[in-house]
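To start, the structure under review is shown below, and the notes come after it.
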Amino acid sequence: MKRKIIHIVVFFASLLSLNQVHAQAWTSFGSTVGLELKQNNASYESAFSPDVELGFRWPTTVGFGAVVDLRWINTEKIEWFSDYKFIWDVYVGPSFFFRFGDDYRTGILLNTFFGYSTSGAWFDPDVSSGSFSIKLSADLVIKGVMIGAFWYPLKQHVEGNSSSSKYGGNMRFGEFDMPSRFGLRIGYVFTFS
Numbered sequence: 000m001k002r003k004i005i006h007i008v009v010f011f012a013s014l015l016s017l018n019q020v021h022a023q024a025w026t027s028f029g030s031t032v033g034l035e036l037k038q039n040n041a042s043y044e045s046a047f048s049p050d051v052e053l054g055f056r057w058p059t060t061v062g063f064g065a066v067v068d069l070r071w072i073n074t075e076k077i078e079w080f081s082d083y084k085f086i087w088d089v090y091v092g093p094s095f096f097f098r099f100g101d102d103y104r105t106g107i108l109l110n111t112f113f114g115y116s117t118s119g120a121w122f123d124p125d126v127s128s129g130s131f132s133i134k135l136s137a138d139l140v141i142k143g144v145m146i147g148a149f150w151y152p153l154k155q156h157v158e159g160n161s162s163s164s165k166y167g168g169n170m171r172f173g174e175f176d177m178p179s180r181f182g183l184r185i186g187y188v189f190t191f192s
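Number 147 in numbering that gives the first Met the number 0 belongs to position 148 of the sequence shown; there are no gaps in the numbering.
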């Protein structure tokens, strides 16, 4: 068993030493596929829900990355006060880029990000809107153009705005849940020397 572990470590160490890359930034646009929203014990399939990601990764094959993710969830089929709900996420975590040959703009980009996701709630102190979130993504990059997929493995609870009631309390309305979800995206990777 120890020998297998040593072989694996040596293999990945050799990959890292041969596959140095530059710092990279990217922007991508995509949408979840078959997004399901759950509200009041009922499920509804949501239509096109845009997902925009702005990311940066430090140099080396196994680098550290950070992204800001902006999402608009299509809420036409559920009880909500508008057709879309805006959600933003901030993620950090390990980011891998395995380049093909000598081209620093061609390879495979893999991201494993952990962070904070919120439905905004416009910072209303009476609404607890933030939650821990994970986003995994894999992209094929050819001459800077990226095509790939992303996955949010955790369920997310989205709370609506609060309003004061005539009894002096606060109410939440329009809450809904999103189970784990998968999406497709395209984008562009910028490489810095």
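C-beta: ideal position from N, C-alpha, C; glycine also.
- So what's Ile-5 in DSSP terms, helix, strand or just coil? Helix.
- Message: Here's the rule: buried if 16 or more other CB atoms are within 10 angstroms of the residue's CB, otherwise exposed. What is Phe-113?
- Response: With fewer than 16 Cβ atoms within 10 Å of its Cβ, Phe-113 is classed as exposed.
- Task: Report the partner residues of Gly-143 according to the DSSP bridge assignment.
- Result: Gly-143 pairs with nothing; no bridge assigned.
- Query: How should Gly-29 be labelled, buried or exposed, when 16 other C-beta atoms within 10 angstroms of its C-beta is the threshold for buried?
  - Reply: By the neighbour-count rule (16 or more Cβ atoms within 10 Å), Gly-29 is buried.
- Phe-189 classed as buried or exposed, judged by whether at least 16 other C-beta atoms fall within 10 angstroms: Taking all protein chains in view, the Cβ of Phe-189 is surrounded by fewer than 16 other Cβ atoms within 10 Å, so the residue is classified as exposed.
- Task: Could you tell me if Phe-85 is buried or exposed, where buried requires 16 or more neighbouring beta carbons within 10 angstroms of its beta carbon?
- Result: It counts as exposed.
- Which residues bound the beta strand (DSSP E) around Thr-190? 180-191 is the span of the beta strand (DSSP E), which, as asked, contains Thr-190.
- Item | Beta-carbon proximity list for Leu-34, same chain, < 6 Å, skipping 5 on both sides | The answer, listed in chain order, is Ser-45, Ser-48 and Arg-180.
- Delimiting residues of the beta strand (DSSP E) encompassing Asn-40: DSSP places Asn-40 in no beta strand (DSSP E); its state is neither H nor E.
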